Ligand code: 5CA
Ligand code: ZN
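Residue numbers (the working numbering): 188 to 598.
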């Protein structure tokens, strides 16, 4: 489906440091640092469009936007793929509750998401792929899994047999009891009678009365959740792509089960060299989630008049691996910070900017440490404002371009 648009990213002189991402490489992984001309392959789990993007979603997409920018700064091409779960139980449940057609609901929320991402200056994925437009390739992956003897039928539905996944557990590192708990909490069906193992998961759901369904060699039905991401990533990026990303709520079962599917279908492991997960953003001590209803929407803040660049700065002031709670004062602080930065780059000169570029690059190369990068710009801006300029007339423009290219903030 159509992605969104972005401004051109300024190119910066000098040499970036190789990125260190603090997540364990998968067994058999071969992560090589981005060399000029390399293509990096990134898959990030996209939204289920039954509600607008909240600040937790935005935090996840901003994190991978930083990764995208760091790779590009190192001279790599980035093949970035993001899915849209435009058919799934939560979408159908919301549509049923409000009496809206599920397609209209999804289309509207995807539009809001695109507008939010564009306003936040998140670089668009090269491939933005819906499930509904991918039914054939998803059914094809299920067929390949079946051909390998790793799937079985239960009352017309098709299940993946966890016993056929030799590396199961490599993504999450969890023990079986924890897996069973999380599977039950996060959309799985550990108690369904007739399964060979409670952890076996649904690949294809046969048509139910009143539910949308598509014809396929598996019979009429629709895909299970995990298989959409393994099929779309495999189709777009192949095996062993660089990073598979999403929020930490997707470690298990989603990424574990998706990896097992892709590895089974291709016979190649790992599905991705690294899995990178973003900590949950909360509100008042609870995970911000659609089901809990404690949401602050990007579109809501924008409608109230918030500068999207201030929203971006407020989110970037947190490291992706540390859970945090949103509070309104964070936006106020970001507004003040943005104003300081803007007045500093509007001065006719400043302290030399090359050190600022080096220090922002150093912070981001260290496990995407955005808060440290913001502090670098704070210090430069404070000195420039205090001295009403500096020795270098090129500096304001250089800092503006670095903040644009590396942090995605337009000053
Ligand atoms: N469509 C699936 C992925 S295939 C899904 O999880 N959709 S979602 O709309 O629920 O979430 C979209 C993305 O935001 C996912 O990567 C998810 O892990 C992430 N996410 C959800 N809630 C939060 C939160 N509170 N904080 C940070 N990231 C979150
Ligand atoms: Zn996914």
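A virtual CB, placed ideally from N, CA and C, is assigned to each residue, including glycine. Quick caveat, the model's predicted, so the values are computed rather than measured.
DSSP three-state assignment for residue i, whether helix, strand or coil
i, result
"residue 237", "coil"
"residue 554", "coil"
"residue 300", "helix"
"residue 248", "helix"
"residue 191", "coil"
"residue 273", "coil"
"residue 596", "coil"
"residue 431", "strand"
"residue 253", "helix"
"residue 361", "coil"
"residue 280", "helix"
"residue 470", "strand"
"residue 422", "helix"
"residue 259", "helix"
"residue 464", "strand"
"residue 313", "coil"
"residue 266", "strand"
"residue 367", "helix"
"residue 495", "helix"
"residue 570", "helix"
"residue 405", "coil"
Same chain only: Cβ atoms within 8 Å of residue i, ignoring 5 sequence neighbours per side
i, result
"residue 214", "354, 357, 456 and 457"
"residue 201", "541, 544, 545 and 548"
"residue 527", "565, 568, 569 and 572"
"residue 561", "500, 503, 504, 524 and 594"
"residue 483", "241, 242, 470, 475 and 513"
"residue 563", "543, 546, 547 and 550"
Cβ-heavy atom distance, residue i to the ligand ZN, below 8 Å
i, result
"residue 320", "no"
"residue 555", "no"
"residue 437", "yes"
beta-carbon residue i near the ligand 5CA non-hydrogen atom, thresh 8 Å
i, result
"residue 444", "no"
"residue 388", "no"
"residue 316", "no"
"residue 509", "no"
"residue 451", "no"
"residue 408", "no"
Residue range of the unbroken beta strand (DSSP E) whose run includes residue i
i, result
"residue 374", "Run containing residue 374: none; DSSP gives neither H nor E here."
"residue 390", "388-393"
"residue 482", "Per DSSP, residue 482 belongs to no beta strand (DSSP E) and is neither H nor E."
"residue 624", "No statement about residue 624 is possible, as the shown extent of the chain runs from 188 to 598 and does not include it."
"residue 231", "226-231"
"residue 326", "Element bounds for residue 326: not the beta strand (DSSP E) but the alpha helix (DSSP H), 322-334."
"residue 339", "338-341"
First and last residue of the uninterrupted alpha helix (DSSP H) at residue i
i, result
"residue 450", "443-453"
"residue 528", "515-532"
"residue 380", "Residue 380 -> no alpha helix (DSSP H), and no H or E assigned at all."
"residue 410", "Residue 410 -> not in any alpha helix (DSSP H); beta strand (DSSP E) instead, spanning 408-410."
"residue 579", "That residue, residue 579, is in no alpha helix (DSSP H); it is neither H nor E in DSSP."
CB contact flag (residue i, residue j, <9 Å)
i, j, result
"residue 341", "residue 252", "no"
"residue 261", "residue 205", "yes"
"residue 197", "residue 592", "yes"
"residue 451", "residue 345", "no"
"residue 466", "residue 521", "no"
"residue 225", "residue 263", "yes"
"residue 613", "residue 518", "Past the boundaries of the shown model lies residue 613; the chain is included only from 188 to 598, so the question cannot be answered."
"residue 432", "residue 272", "no"
"residue 230", "residue 430", "yes"
"residue 287", "residue 359", "no"
"residue 576", "residue 537", "yes"
"residue 189", "residue 301", "yes"
"residue 389", "residue 330", "no"
"residue 532", "residue 473", "no"
"residue 254", "residue 534", "no"
Same chain only: Cβ atoms within 7 Å of residue i, ignoring 5 sequence neighbours per side
i, result
"residue 244", "234"
"residue 314", "268 and 423"
"residue 392", "344, 408, 409 and 411"
"residue 558", "504, 505 and 506"
Other residues of its chain near residue i: CB distance less than 6 Å, five sequence neighbours each side excluded
i, result
"residue 505", "511"
"residue 464", "435 and 438"
"residue 418", "324, 325 and 328"
"residue 279", "289"
"residue 420", "230"
Minimum Cβ-Cβ distance from residue i to chain D less than 9 Å
i, result
"residue 436", "Of the chains in the structure shown, none is chain D; there is only one protein chain."
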